[in-house]
Amino acid sequence: MKFRLIDTHTHAHFQAYSKDMDEVVNRALDEGTAMITVGTQSTTSRKGIELAERYDGVWATIGLHPSHLHKQEFFDDNELPPEKRVTGKIKTRAEWFDADEYRKLAEHPKVVAIGEFGLDYFRLPPNVDREQMIADQKTSVEAQLRFATEVNKPVIIHSRDAHEDQFEILKKALDRGDIPELGVIHCFTGSAEDAARYKAIGFLVSIGGIVTFSKGLQATVKDIPLEQIMLETDAPYLSPEPKRGKRNEPSYVKYVAEKIAEIKGVSFEEVAETTTNNAMNLFKLKV
Ligand SMILES: [Zn+2]
Ligand SMILES: [Zn+2]
Numbered sequence: 105m106k107f108r109l110i111d112t113h114t115h116a117h118f119q120a121y122s123k124d125m126d127e128v129v130n131r132a133l134d135e136g137t138a139m140i141t142v143g144t145q146s147t148t149s150r151k152g153i154e155l156a157e158r159y160d161g162v163w164a165t166i167g168l169h170p171s172h173l174h175k176q177e178f179f180d181d182n183e184l185p186p187e188k189r190v191t192g193k194i195k196t197r198a199e200w201f202d203a204d205e206y207r208k209l210a211e212h213p214k215v216v217a218i219g220e221f222g223l224d225y226f227r228l229p230p231n232v233d234r235e236q237m238i239a240d241q242k243t244s245v246e247a248q249l250r251f252a253t254e255v256n257k258p259v260i261i262h263s264r265d266a267h268e269d270q271f272e273i274l275k276k277a278l279d280r281g282d283i284p285e286l287g288v289i290h291c292f293t294g295s296a297e298d299a300a301r302y303k304a305i306g307f308l309v310s311i312g313g314i315v316t317f318s319k320g321l322q323a324t325v326k327d328i329p330l331e332q333i334m335l336e337t338d339a340p341y342l343s344p345e346p347k348r349g350k351r352n353e354p355s356y357v358k359y360v361a362e363k364i365a366e367i368k369g370v371s372f373e374e375v376a377e378t379t380t381n382n383a384m385n386l387f388k389l390k391v
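Going by our numbering, the residue at position 8 of the sequence shown is 112; the numbering climbs one at a time, nothing skipped.
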């Protein structure tokens with residue numbers, strides 16, 4: 105079966121869908137939208153694989169998000185199960201990237217990439233020195249780049265307010281001969297220049313719901329060639345227009361495709377076909 109659209113970055117296995125996960129997944133699949141459900145720490149990486157095992161058209165990734173490196177009271181109650189909730193907030197435990205643990209998960213045939221990991225200078229955990237946090241994030245990125253090289257899989261990079269440092273780390277890794285399978289900068293909101301620099305080192309960018317309401321990102325996307333673009337929702341977060349303010353879900357990736365078609369003055373089908381091919385090639389998806 106050939107899929108029409110691929111939501112290349114979703115969290116369909118998160119707690120936000122505990123009551124209706126199968127409905128949400130089927131709603132997308134029934135419309136011909138496949139998805140890659142992305143892990144953010146060891147527990148959610150494992151849960152993503154469990155979901156991917158149950159469906160054709162759902163694949164998983166494994167990785168450690170920078171927000172999980174330090175212990176913090178987290179504002180996000182979409183991700184973790186209720187028993188981890190503390191007075192309405194989520195307490196994340198600090199986790200370090202344990203290659204041995206992730207190596208076992210990487211052997212699963214449904215695991216198509218390592219990530220999401222990367223640098224996030226926006227969400228600063230309290231009581232952690234900024235310099236130390238950045239140093240820890242960089243160490244974690246290096247460890248996961250080495251790991252991706254070892255297991256020969258592409259990477260999904262989360263980069264927020266950190267494109268300078270992020271680019272430098274990727275470039276250095278490539279110069280060393282790491283990252284043979286390349287990767288994607290997910291939820292891309294950088295400049296056209298940032299996108300061009302990533303393109304020069306072979307990286308794709310994935311565009312999410314923000315493009316449906318951000319004039320700045322719309323202007324940027326105009327200058328990014330379709331051949332470099334994949335689509336995503338980052339569900340349950342960042343719902344696109346016309347679903348803004350509601351819980352996001354993989355089937356809404358169509359609104360992202362519609363907006364990109366409008367911005368670029370091409371057909372929906374052209375956006376769908378090119379971005380789906382980009383995803384199939386990067387993640388070596390077998391359908
Ligand atoms: Zn992210
Ligand atoms: Zn994400």
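We put the CB at the ideal spot given by N, CA and C, even for glycine.
Less than 9 angstroms divides the Cβ of Gly313 from the Cβ of Arg348.
Shown here, Val315 sits in a helix according to DSSP, grouped into three states. One thing to note: Met334 has its Cβ no nearer than 9 angstroms to the Cβ of Asn256. At a threshold of 8 angstroms, Glu373 does not count as near ligand 2, since its beta carbon sits no closer than that to any of the ligand's heavy atoms. Excluding the 5 residues flanking it on each side, Glu331 has same chain C-beta neighbours closer than 8 angstroms at Thr378 and Asn382, in chain order. For His117, the shortest C-beta to heavy atom distance toward ligand 2 is 8 angstroms or greater. Residues of the same chain with a CB within less than 6 angstroms of the CB of Arg131, apart from the 5 flanking positions on each side, are Ser355 in chain order. With a threshold of 8 angstroms, the Cβ atom of Tyr341 counts as near ligand 2, since some heavy atom of the ligand is closer than that. Taking C-beta separations shorter than 6 angstroms and ignoring five residues to either side along the sequence, the partners of Ala198 in its chain run His174 and Lys175, following chain order. The three-state reading of DSSP puts Glu220 in strand, counting E and B together.
For the pair Val142 and Glu254, the CB atoms are not nearer than the 9 angstroms cut-off. A residue is called buried when at least 16 other Cβ atoms come within 10 angstroms of its Cβ; Val309 meets this threshold and is buried.
Contact between Gly136 and Leu109 holds: their C-beta atoms lie close to 7 angstroms from each other, under 8 angstroms. Ligand 2 has no heavy atom closer than 8 angstroms to the beta-carbon of Val245.
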